Amino acid sequence: MRRAVAIILAALALLVRPDAGRAQGLAADISDHLIAITTAFTGTTVTLFGISEKRADIIVTVIGPREEQVVRRKDRVAGIWINVQNMAFADVPEYYFVASSRPIQQIAHPDIQARLELGLEHIALRPVDAEGRDISDILAFRDALIRNKQRADLYAPKPGVVRFVGEKLFRTQVPFPANVPPGIYQVQVFELVDGQVADAQRSTLVISKIGLEAEVFDFAQNRAPLYGIAAIIISIVAGWLAGIIFRRG
Amino acid sequence: MDIYLPIAEMSVNLFLLLGLGGAVGFLSGVFGVGGGFLMTPLLIFVGIPPPVAVGSEASQILASSVSGVQAHMRRGNVDVKMGLVLVGGGFLGSAFGVWLFALLRSLGQIDLVISLAYVIFLGTVGTLMFVESAGTMIRTRRRRGSESFTRQHRHLWLHGLPLKMRFHKSRLYISALMPLGLGFLVGILSAIMGVGGGFLMVPAMIYLIGMPTAVVVGTSLFQIAFVTAVTTFLHATNNQTVDIVLALSLIVGGVVGAQLGSGVGGRLRGEQLRILLAIIVLAVCAKIAFDLIAQPADLYSLGRGH
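Chains A and B, in that order, give the protein sequences.
Position one of the first sequence corresponds to residue 0 (numbering that gives the first Met the number 0), numbered consecutively onward.
Position one of the second sequence corresponds to residue 0 (numbering that gives the first Met the number 0), numbered consecutively onward.
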């Protein structure tokens with residue numbers, strides 16, 4: 000409830016702010032710029048809202064940190080399904096979300112769609128060491144990558160909807176599942192007129208592990224030997240205590 | 000209530016983890032086994048990444064073997080010298096196993112090797128246990144009450160290998176290479192399968208090394224405690240796959256479960272226990288084997304590294 004009020008107030012502030020900049024401008028913001036992954040984190044939804052003075056078509060993308068991703072394919076070998084082939088893709092977004100006020104094909108020129116990665120089929124997925132690999136093979140691996148990301152809820156199965164509430168105010172919901180990877184997320188809002196980008200706004204959203212989780216993770220990654228020793232001590236103490244309880248019980 | 004596991008990077012219901020720990024702890028209390036061979040596959044079944052399941056299980060087994068070995072130490076049921084030789088082999092095996100684990104992981108074959116190792120070892124041990132305990136049940140039914148246990152103290156060629164050593168507690172004078180080799184093998188299993196290895200070590204100690212049964216369980220727990228400590232450390236440093244939050248949740252559930260289980264175990268007969276355990280072992284084995292043979296829903300999967 001408090002969050003809803005905050006969103007409405009922020010939206011009103013956008014509407015009335017005196018320094019609204021460009022008269023025909025685009026202004027947008029998200030309800031949270033920091034998502035904290037804590038012990039109780041089970042995923043969250045962030046509201047993106049904004050003003051389009053032109054009341055033009057809007058496309059929103061949220062793209063997670065990019066990393067190389069390996070895709071493996073199983074084949075049957077001696078009756079068992081074994082990973083036999085693989086293909087790596089460079090700079091794969093760990094998370095991808097797109098939403099639009101009307102179907103993307105109807106409001107964005109194909110070149111724009113490709114350049115701005117508007118839609119699952121336009122995500123820049125560049126295979127590493129693809130020499131000598133069949134195009135059909137590369138496409139199959141590419142599709143599989145997207146399919147697996149969708150199964151993990153990291154790529155949405157279909158584009159979200161940007162809704163206009165009132166004349167110029169728009170909003171959309173960006174879902175983040177429990178397994179969302181930490182990192183810096185690029186939030187982009189495009190205002191489209193005649194298939195071309197009339198205005199755009201970029202901001203970032205940080206997803207990070209906070210509190211005990213962050214400390215445990217950092218500890219495990221950056222001071223691994225010490226973490227290992229701590230894990231041993233914790234286990235021995237827990238086991239020893241259990242032994243004492245058993246003896247009395 | 001969901002809890003976020005920092006290393007597995009996923010959120011899991013805390014009560015599911017406590018329940019799993021409790022259920023496996025109960026079974027290990029009933030049967031007097033470690034339970035790692037049940038826990039690791041169960042963790043994988045509920046969606047924990049196999050490498051994290053294996054790494055975290057090592058620290059859980061460390062806890063349960065520490066609590067178990069205390070009682071045996073007090074009763075003097077540990078052959079410390081034999082235990083230390085086993086530990087020596089176990090350290091080498093664990094180091095080799097963790098190295099192999101990292102290599103297989105980078106090749107994308109670790110899940111397969113974990114599954115295959117489970118099918119082979121659970122299948123073999125489960126079948127042997129089933130046949131043996133079923134045989135005992137039939138025999139005791141034929142001639143009731145005449146159950147007598149005679150240890151076959153055969154002198155195998157293995158006992159005559161060089162580096163002979165005297166083990167007073169076990170009343171043995173055998174080559175140290177035997178326990179060293181057994182410890183090595185169990186160390187590898189600990190690193191790759193996330194088990195203590197008691198299911199392999201206990202029969203090997205009785206039938207291969209020829210140790211008196213009284214000191215077998217205590218000594219194997221002694222070895223398991225040291226080797227899982229090293230395995231925990233090596234997985235933490237080389238693979239970053241030890242999730243202490245996961246391990247602690249399982250430990251808490253396991254402590255309570257084992258307490259309840261040991262009460263039930265005392266009321267069942269030896270061969271009844273073993274045949275029940277054999278059935279559980281074979282069921283887990285069948286499930287893993289089925290997953291290897293059945294066509295996966297999607298032939299493609301995402302891997303880490305390459």
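We put the CB at the ideal spot given by N, CA and C, even for glycine.
It should be emphasised that the depicted structure is a prediction, and the values quoted were computed from it without experimental measurement.
Cβ closer than 9 Å: which chain B residues qualify as neighbours of A/THR37?
TYR3
Do B/VAL45 and B/GLY193 have their beta-carbon atoms positioned less than 9 Å apart in this structure?
no
Which of the three DSSP states is assigned to B/ASN76 in this structure?
coil
Starting from the C-beta of A/THR37, find all residues in its chain whose C-beta is less than 6 Å away, skip the five residues before and the five after it, and write them out in chain order.
Excluding sequence neighbours, A/THR37 sits near ILE209, GLY210.
Would you kindly work out how many angstroms separate the C-alpha atoms of B/GLY144 and B/PHE166, rounded to a whole number?
Note that B/GLY144 scores a pLDDT of 46, beneath 50, so its modelled location is shaky and nothing firm can be said.
Check whether the segment 185-203 of chain B touches the segment 224-235 of chain B, counting contact only when three or more Cβ pairs, one atom from each stretch, lie closer than 8 Å.
Counting Cβ pairs under 8 Å, three or more are found: they touch.
CB-CB length for B/SER55 against B/ASP242, believed under 8 Å
5 Å
Nearest to B/THR39 by alpha carbon, out of B/GLY302, B/VAL280, B/TYR299, B/PRO295?
B/VAL280
Name the chain B residues that come within less than 8 Å of A/GLY131, Cβ to Cβ?
Here the premise fails: no neighbours, minimum Cβ distance about 17 Å.
Residue range of the beta strand (DSSP E) that includes A/GLU66
65-76
Report the residues of the segment 61-76 of chain B with a CB closer than 9 Å to any CB of chain A, ordered along the chain.
LEU61, ALA62, SER63, SER64, VAL65, SER66, GLY67, VAL68, GLN69, ALA70, ARG73
Since A/ARG222 is in the beta strand (DSSP E), which residue starts that stretch and which ends it?
It is not in any beta strand (DSSP E) - A/ARG222 carries neither H nor E in the DSSP assignment.
Please return the same chain residues whose Cβ sits closer than 6 Å to the Cβ of A/PHE218, not counting the five positions on each side in sequence.
TYR226
In terms of alpha-carbon separation, which member of B/LEU160, B/VAL255, B/PHE100, B/GLY107 lies closest to B/ALA190?
Its Cα nearest to that of B/ALA190, the residue B/PHE100 stands out among B/LEU160, B/VAL255, B/PHE100, B/GLY107.
Helix or strand or just coil, what does DSSP make of B/MET192?
helix
Starting from A/ARG150, trace the alpha helix (DSSP H) in both directions and tell me its first and last residue.
Where A/ARG150 is concerned, the enclosing alpha helix (DSSP H) stretches over 134-150.
Going by DSSP, which residues form a beta bridge with A/TRP80?
Answer is A/ARG75.
Closest Cα partner of B/ALA57 within the set A/ILE233, A/ALA241, A/PHE245
Cα-wise, what sits closest to B/ALA57 is A/ILE233.
Whose Cβ in chain A lies nearer than 7 Å to the Cβ of B/GLU8?
ASN178
Can you grab the Cα-Cα spacing for the pair A/GLY42 / B/GLY107, in whole Å?
29 Å
On a Cα-Cα basis, can you pick out the residue from B/LEU4, B/MET9, B/PRO5 that is closest to A/PHE175?
B/MET9
Given this structure, state the Cα-to-Cα distance separating A/PHE140 from A/ASP152, to the nearest angstrom.
About 18 Å.
Assign A/ALA26 to one of two classes, buried (16 or more other C-beta atoms within 10 Å of its C-beta) or exposed (fewer than that).
Buried is the call here.
Local conformation of A/TYR154 per DSSP, three classes
strand
Report yes if the C-beta of A/GLN112 is less than 8 Å from at least one heavy atom of the ligand HEM; otherwise report no.
Absence of the ligand HEM is noted for the structure shown, with no ligands found whatsoever.
Does any CB atom of chain A fall closer than 9 Å to the CB of B/ILE287?
no
Check whether the Cβ of B/VAL241 lies closer than 9 Å to any Cβ atom in chain A.
yes
Suppose the cutoff is 8 Å on Cβ atoms and the five residues either side in sequence are ignored; what does the same chain contact list for A/ALA123 look like?
For A/ALA123, same chain residues with a beta-carbon under 8 Å away, outside a window of 5 residues either side, are ASP90, GLU116 in chain order.
Chain A contact for B/GLY122 (CB, 9 Å cutoff)
no
For the beta strand (DSSP E) containing A/ALA98, list its first residue and its last residue.
Counting along the chain, A/ALA98 sits inside the beta strand (DSSP E) bounded by residues 95-99.
Using a C-beta to C-beta distance shorter than 8 Å, which residues of chain B count as neighbours of A/ARG71?
Simply GLY107, TYR299, SER300, LEU301, GLY302.
Which residues bound the beta strand (DSSP E) around A/PHE40?
It is not in any beta strand (DSSP E) - A/PHE40 carries neither H nor E in the DSSP assignment.
Since A/ASN85 contacts A/VAL97 with CB under 8 Å, what's their CB separation in whole angstroms?
In this structure A/ASN85 does not touch A/VAL97 by the C-beta definition: roughly 27 Å separates them, more than the 8 Å allowed.
At which residues does the beta strand (DSSP E) containing B/TYR206 begin and terminate?
Taken as a continuous stretch (DSSP letters only), B/TYR206 belongs to no beta strand (DSSP E), as it is neither H nor E.
Scan the segment 81-97 of chain A for residues whose Cβ lies nearer than 8 Å to a Cβ of chain B and list them as they occur along the chain.
Answer set for the segment 81-97 of chain A: ILE81, ASN82, ASN85, ALA87.
Checking contacts by CB at 9 Å: is B/HIS305 closer than that to chain A?
Summary for B/HIS305: the model assigns pLDDT 35, below 50, so the residue's position carries little reliability, and this model does not support an answer.
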